[in-house]
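Q: The sequence shown lines up with residues 1 to 154 when you count with the UniProt record's numbering.
Glycine included, C-beta positions come from ideal geometry on N, C-alpha and C.
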Amino acid sequence: MIRTSFGKRLGLAGLLGIGLVSLGGAVAPLPAAAGDWHRPGYGSGYGSGYGYGYDRPRPPYGPGWGHAATPGLDRHRWRQEQWQRYGEATGRIAPWESRRIDRAQAGLARHEAWARADGIVTPHERWELREHARRVDDLIARSMRNGYGYRHGW
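1. Rounding to the nearest angstrom, what Cα-Cα distance links GLY72 and ILE120 in this structure?
2. Let's see if you can read the secondary structure: which residues bound the alpha helix (DSSP H) around ARG142?
3. Closest by CA to ALA69, which one among ARG92, ARG126, GLY149?
4. Rounded to whole angstroms, how far is the Cβ of residue 156 from the Cβ of GLY91, which I believe are closer than 8 Å?
5. On a Cα-Cα basis, can you pick out the residue from ALA115, ASP138, ARG99 that is closest to GLU128?
6. Which runs of the alpha helix (DSSP H), 4 residues or longer, sit entirely within the stretch 89-120?
7. Could you check the C-alpha separation between GLU81 and ALA94 for me, to the nearest Å?
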């Protein structure tokens, strides 16, 4: 029996290696790669009603897909801000209307933060966010054409 510290370390490494080899069957399999969306045996046909296959790709949300990203909503909110600035610069949006629009956009930001809180923005949550953004669009459009601005009768 080896009594040196090197021998003890070598013996521990050997035991650890044997333990890992014996647990080889109990180790969980690695997750599929992002592009590996065909899994045979999981109902790959279109009419099967479940699973993904050649004719039914994995939906673009979930882990590994930028699942909490909302780039479309970010662009939409940026366009809304530009629209609001244009209305303020041309005098078609009154200051009190601008504050109302700011509050509506803050509500949209809160809604987005709520949807992203769990790390996954589902298709239904994306639909809700688009509808909320459209309501803010409607508010901006009404403010632009109602005639309460500086150069439009206010």
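A: Working from what's here:
1. 15 Å
2. 123-145
3. ARG126
4. The question about residue 156 has no answer, for the chain in this structure spans 1 to 154.
5. ALA115
6. 95-116
7. 15 Å
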